[in-house]
């Protein structure tokens, strides 16, 4: 298996990406890695920081997509960027998955226009595992600001397939994020989506309020990308705040410091649980080949874990499941439309 890495995108590129690639090469020696970016910069950084890139292929791409670039830059002004070149290689079958910590809008646009969506899937969606005690997949976490109830239903199916394969959860529980649990809560989108999800055949547990999320109420949480992204950043921020507050409490005086030593392993486990970098990144579900969006501030460990996630995605056959679902879903939708037009 070959994983393509965007070396030039992200807040800590290229150093942390290059370091992460080297870590991944050691951790997953049975898989090939390709670093896409300015070969002179990659070479200079690896020499300066004594990073061993032996066995890692370097593919030259002279420019980079910045966080300030417009999404369409990846297919217009900067077709020679590391992101664009990497996605093109993926679309041609020169790699099995692509990982980037770069501009989210550009990555989604490039993945959609260069790699293409799975036939029958209307929108790709970002699927992010929230840093909670039990794995909870949030979809969409930022790809689509406005959606339809049909999009919501497709997101839910794709998220359920992901949790079945990656976390081996039988019939994952699907909840819709809402401001109340009643079936008629929310605006027209939530009410209509509730109806579709109830009739979908999924293990739909109904509307879920954000305050219930830490208590294992569902395995997949579906919403639009605008709401989902706000929730994601709120959860990440609260996790950091709680750890910071706990540190202040435990290091107040000598007595609390001694207590902290007795709880060292528990504190380490808690920190690990809330660390988003441990999950590596978020797959763009609905794209015909695996694309993983790593956090913009990813360090080397997060990049290594994003590579691990890409490998798991490919090995899990998730896209094959989604493709089969999309074909069946499209057939059912055509039948339903025909029944509306012509009767049973």
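In my numbering, the protein residues as written are 733 to 1076.
Every residue, glycine too, gets a C-beta built ideally from N, C-alpha and C.
Going by C-alpha distance, which of the options is nearest residue i?
{"i": "residue 787", "options": "1046, 1027, 774 and 754", "result": "754"}
{"i": "residue 1025", "options": "734, 759, 1057 and 837", "result": "837"}
{"i": "residue 884", "options": "915, 800, 867 and 921", "result": "921"}
{"i": "residue 1021", "options": "1032, 949, 1047 and 997", "result": "1047"}
{"i": "residue 765", "options": "939, 734 and 773", "result": "734"}
{"i": "residue 1056", "options": "973, 917, 886 and 824", "result": "886"}
{"i": "residue 876", "options": "807, 945 and 960", "result": "960"}
{"i": "residue 784", "options": "750, 815, 773 and 814", "result": "750"}
{"i": "residue 958", "options": "974, 1054, 879 and 852", "result": "879"}
{"i": "residue 821", "options": "791, 983 and 924", "result": "791"}
{"i": "residue 825", "options": "756, 977 and 846", "result": "846"}
Using beta-carbon positions only, say whether residue i and residue j come within less than 7 Å of one another.
{"i": "residue 770", "j": "residue 794", "result": "yes"}
{"i": "residue 742", "j": "residue 834", "result": "yes"}
{"i": "residue 859", "j": "residue 1015", "result": "yes"}
{"i": "residue 952", "j": "residue 890", "result": "no"}
{"i": "residue 888", "j": "residue 954", "result": "yes"}
{"i": "residue 775", "j": "residue 898", "result": "no"}
{"i": "residue 971", "j": "residue 863", "result": "yes"}
{"i": "residue 685", "j": "residue 830", "result": "For residue 685 there is no data in the structure shown, the boundaries of the chain being 733 and 1076."}
{"i": "residue 703", "j": "residue 773", "result": "Since the first residue shown for the chain is 733 and the last is 1076, residue 703 is missing from the structure and cannot be characterised."}
{"i": "residue 853", "j": "residue 1013", "result": "no"}
{"i": "residue 844", "j": "residue 803", "result": "no"}
{"i": "residue 818", "j": "residue 738", "result": "yes"}
Can you tell me whether residue i is buried or exposed, with buried defined as 16 or more other CB within 10 angstroms of its CB?
{"i": "residue 761", "result": "exposed"}
{"i": "residue 927", "result": "exposed"}
{"i": "residue 748", "result": "buried"}
{"i": "residue 1074", "result": "In this prediction, residue 1074 scores a pLDDT of 46, lower than 50, which makes its location untrustworthy; the coordinate-derived value is nonetheless stated afterwards. Exposed is the call here."}
{"i": "residue 779", "result": "exposed"}
{"i": "residue 1067", "result": "Residue placement at residue 1067 cannot be trusted, given a pLDDT of 49 that sits under 50; what the coordinates show is reported in the next sentence. Exposed."}
{"i": "residue 1060", "result": "exposed"}
{"i": "residue 1069", "result": "Unreliable positioning characterises residue 1069 in this predicted model, as indicated by a pLDDT of 48, which lies under 50. The coordinate reading is nonetheless provided below. Exposed: under 16 other Cβ atoms inside 10 Å."}
{"i": "residue 1076", "result": "Since pLDDT at residue 1076 reaches only 48, below the 50 mark, its modelled position is unreliable, and the value read off the structure follows with that caveat. Classification for residue 1076: exposed."}
{"i": "residue 936", "result": "buried"}
{"i": "residue 861", "result": "buried"}
{"i": "residue 813", "result": "buried"}
{"i": "residue 986", "result": "exposed"}
Identify the continuous beta strand (DSSP E) that holds residue i and give its terminal residues.
{"i": "residue 954", "result": "952-954"}
{"i": "residue 935", "result": "935-940"}
{"i": "residue 734", "result": "734-738"}
{"i": "residue 764", "result": "764-769"}
{"i": "residue 981", "result": "It is not in any beta strand (DSSP E) - residue 981 instead sits in the alpha helix (DSSP H) that spans 957-982."}
{"i": "residue 907", "result": "905-909"}
Along the chain, where does the alpha helix (DSSP H) containing residue i start, and where does it finish?
{"i": "residue 1039", "result": "1032-1048"}
{"i": "residue 882", "result": "881-898"}
{"i": "residue 752", "result": "747-759"}
{"i": "residue 947", "result": "Taken as a continuous stretch (DSSP letters only), residue 947 belongs to no alpha helix (DSSP H), as it is neither H nor E."}
{"i": "residue 928", "result": "920-930"}
What are the residues that DSSP puts in a beta bridge with residue i?
{"i": "residue 832", "result": "1025"}
{"i": "residue 813", "result": "795"}
{"i": "residue 1014", "result": "1025"}
{"i": "residue 860", "result": "870"}
{"i": "residue 789", "result": "766"}
{"i": "residue 849", "result": "1019"}
Check whether the Cβ of residue i lies closer than 6 Å to any heavy atom of the ligand MG, and answer yes or no.
{"i": "residue 940", "result": "Looking at this structure, you won't find the ligand MG or any other ligand, since it has none at all."}
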